[in-house]
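S.K.: Residue numbers (our numbering): 396 to 754. Dropping a structure here in structure tokens format, bear with me for questions.
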């Protein structure tokens, strides 16, 4: 029985969509004391720590003195696929960089699509000439950055051929309420600057505010609440986050504002801990994670310990695991000051004795 044109038009129709998403990650492999590794044999390689990209584990392998497949004077490099047997499509780019992250040399492999077996990988047999490596060293250190891109299939999605598109939720309405001040029922005094807000919104976001406004020891409704030990601009950012779940300064991420963002993140982390805003604490940790350096690592480690920031504390301790960095930090005045107050913070670091000096 054949269908008439009218029957075909009335038949239900669906559409299925199969897409791909691209997940990219970068890993910096630091080979310290490069000259000390020169006695490594042919077919032996230096391997980085394992890192994750696209839900898979990878590592970098660098053949300092070449392997049996490489041409004369060539040092091969590869990424090792460390997961179980799977089919994966990936792309890898290798480059030698300086301490500022500037690119000195690079090579790329595109669209590798193969059946990967555990602990096998793909790479470049002619990544760099061994005779040229010396020109890339700084303080006997070679820095290799590997950028891995994994192409993952997005599951098939079945949907009607025609559908009504629902607009995304407007997340700015609460922000407008904060700015306009409609219905505000509480006022804060922070260093002689006043901020109007809404008790119900603050209480919904923070258990501390909930107890302050609606608990047994709630504040009197006819008073202005004075906030001690906090800068006005920090409290303003705290309020903006409570209403919008964003911090505008962090969203912009301009390089020129990096120092300001780092300082704000430290103060805002303290405020987030004070008002039990765990997600804001993690946002601040992520900002501070990218700012760790020898000049501030001691202060950040102390801050992380004081406010129970596990991620930031772990990052600081990993940074201090380098003997060269640890030696410079131990010699700083900041280290001695913090050590006198919290010596247990550094008790587990190699090369640091109980008095702050080398073991």
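We put the beta carbon where it would ideally sit given N, CA and C, even for glycine.
1. Among the candidates 635, 473, 446 and 450, whose CA atom is the shortest distance from the CA of residue 457?
2. Using 7 Å as the threshold, is the C-beta distance between residue 692 and residue 714 below it?
3. Would you mind giving the Cβ-Cβ distance between residue 676 and residue 711, rounded to the nearest angstrom? I have them listed as a contact below 8 Å.
4. Please determine, among 653, 467, 441 and 604, the residue with the shortest C-alpha to C-alpha distance to residue 633.
5. Quick check on the DSSP output: what are the complete alpha helix (DSSP H) runs of length 4 or more inside the stretch 657-710, in order along the chain?
6. Using 7 Å as the threshold, is the C-beta distance between residue 630 and residue 637 below it?
7. Nearest chain C C-beta to residue 611 closer than 7 Å, yes or no?
8. Go ahead and pull the three-state DSSP assignment for residue 575.
9. Count the CB pairs spanning the stretch 534-554 and the stretch 415-428 that are closer than 8 Å, and state whether there are at least three.
10. Any idea what DSSP makes of residue 631, helix, strand or coil?
11. Sort 658, 538 and 421 by Cα distance to residue 365 and report the nearest one.
12. Secondary structure at residue 457, three-state DSSP: helix, strand or coil?
13. Distance, Cα to Cα, residue 635 vs residue 607?
14. For residue 464, which three-state DSSP category applies?
15. When the Cβ atoms of the stretch 518-532 are set against those of the stretch 561-577, are three or more pairs found closer than 8 Å?
16. Can the beta-carbon of residue 535 be found less than 7 Å from the beta-carbon of residue 429?
17. Anyone know if the C-beta pair for residue 491 and residue 426 falls short of 7 Å?
18. Pull up the distance between the alpha-carbon of residue 485 and that of residue 413, whole angstroms please.
19. Would you mind working out which of 437, 438 and 452 sits nearest residue 444, comparing C-alpha positions?
20. Return the Cβ separation of residue 673 and residue 707 in integer angstroms, given the expectation that the two are a contact with Cβ distance under 8 Å.
21. Which stretch, first to last residue, makes up the beta strand (DSSP E) that contains residue 423?
22. Decide if residue 678 is buried, meaning its Cβ has at least 16 other Cβ atoms within 10 Å, or exposed.
23. Quick one: is residue 593 buried, meaning 16 or more other Cβ sit within 10 Å of its Cβ, or exposed?
24. Please go through the same chain and pick out, in chain order, the residues whose beta-carbon is closer than 8 Å to the beta-carbon of residue 613, but skip the five residues on each side of it.
25. Taking the CB atoms as reference points, tell me whether residue 469 and residue 434 lie closer together than 7 Å.
M.R.: Looking at the coordinates:
1. 473
2. A contact, by the Cβ cut-off of 7 Å.
3. That pair is no contact at about 15 Å.
4. 604
5. 673-684 and 692-701
6. no
7. The structure shown contains no chain C; it holds only a single protein chain.
8. helix
9. yes
10. helix
11. What the structure shows of the chain is the stretch from 396 to 754, and residue 365 is not part of that stretch, so it cannot be assessed.
12. strand
13. 19 Å
14. coil
15. no
16. yes
17. no
18. 18 Å
19. 452
20. Contact doesn't hold; Cβ gap of about 13 Å is too wide.
21. 409-426
22. Its Cβ being crowded by 16 or more others within 10 Å, residue 678 is buried.
23. buried
24. 606 and 607
25. no
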